[in-house]
Amino acid sequence: GQNIDQPTEMTATEGAIVQINCTYQTSGFNGLFWYQQHAGEAPTFLSYNVLDGLEEKGRFSSFLSRSKGYSYLLLKELQMKDSASYLCAVVTNDYKLSFGAGTTVTVRA
Amino acid sequence: DGGITQSPKYLFRKEGQNVTLSCEQNLNHDAMYWYRQDPGQGLRLIYYSQIVNDFQKGDIAEGYSVSREKKESFPLTVTSAQKNPTAFYLCASSGEDTDTQYFGPGTRLTVL
């Protein structure tokens, strides 16, 4: 089976930085996605990493180390609207997505 | 506007009844997917279809059925055989050149 681990909850203050880690042990690897999901809504695409390194997109950055089976999502200059669940998902050998349980981030004023 | 629609947003059914959830996309995507989301768990794949008139079981297909008669549509039927049908159901699609899946707004099914 697939094993994708991420912390359940994180809390941070408005304007701060938060790093959400994701470790994975899967049957093959063809890329890693991060999605944002507000409560009761659809997940929305944030980033896709297939090669090692850091991808930066505005306030959000995502890092991947394939040799370590590790990724993180970095959220900078946190805003209240960033309060959401963040989902890590791995593209496995059969090109399906396997999801972690999600990390709920709460931003406090 | 291009996108994925699911209807209704909330659905209530009595135990023992079959119910069909709709999913429509106008993104011209070949592949479509159905996921189930439960509190504290990741999205779990129910069924997926990579082309019209073809579909495959995902990780938790028991108690569910699908059809893919048109490229735009991928309805999911939750049958009475599904033991715990109450959940949030998400439909997604992806295009030919990308693994990125785009999600619909979801249907929250409650079986009473």
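From first to last, the protein sequence lines stand for chains A and B.
Just so we're aligned: 52 in my numbering is position 34 of the first sequence, and the numbers increase by one with no gaps anywhere.
Just so we're aligned: 626 in my numbering is position 109 of the second sequence, and the numbers increase by one with no gaps anywhere.
Each residue gets a CB set at the ideal place from its N, CA and C atoms; glycine is no exception.
- No Cβ-Cβ contact shorter than 8 angstroms links A/L50 with A/N39.
- The beta carbon of B/L607 falls within 8 angstroms of a beta carbon belonging to chain A, placing the residue at that interface.
- With distances taken between CA atoms, A/D112 lies nearest to B/Q573 out of B/Q573, B/F605, B/F620 and B/N545.
- Per DSSP, A/M98 lies in no beta strand (DSSP E) and is assigned neither H nor E.
- Leaving aside the five residues that flank B/Q599 on each side, the residues in its chain whose CB is nearer than 8 angstroms to its CB run, in chain order, E579, G580 and Y581.
- In the three-state scheme derived from DSSP, where H, G and I count as helix and E and B as strand, B/K587 is classed as strand.
- Not flagged as an interface residue toward chain B: A/K99, since no C-beta distance is shorter than 8 angstroms.
- With respect to chain A, the C-beta atom of B/Q542 has no partner C-beta closer than 8 angstroms.
- Contact annotation: the stretch 70 to 77 of chain A does not touch the stretch 523 to 530 of chain B, with fewer than three C-beta pairs closer than 8 angstroms.
- By the Cβ criterion, the stretch 26 to 40 of chain A is in contact with the stretch 107 to 123 of chain A, since at least three pairs of Cβ atoms, one from each stretch, lie closer than 8 angstroms.
- A/G58 and B/F605 have their C-alpha atoms some 8 angstroms from each other.
- Around the beta carbon of A/S83, a 10 Å sphere encloses fewer than 16 other beta carbons of the protein chains shown; the residue is thus reported as exposed.
- The alpha-carbon of B/C608 is positioned some 6 angstroms away from that of B/C540.
- Think of a sphere of 8 angstroms around the beta carbon of B/P602: no beta carbon from chain A falls inside it, the nearest being about 18 angstroms out.
- Excluding five sequence positions before and after B/Q618, the CB atoms of its chain that fall closer than 6 angstroms to its own CB belong to A609 and S611, given in chain order.
- Around the beta carbon of A/F81, a 10 Å sphere encloses 16 or more other beta carbons of the protein chains shown; the residue is thus reported as buried.
- A distance below 8 angstroms separates the beta carbons of A/M98 and A/E32.
- Residue environment: B/T627 is assigned as exposed (fewer than 16 neighbouring CB atoms within 10 Å of its CB, all protein chains considered).
- In the structure shown, the three-state DSSP call for B/S539 is strand.
- At a cut-off of 8 angstroms between C-beta atoms, A/N21 does not count as an interface residue with respect to chain B.
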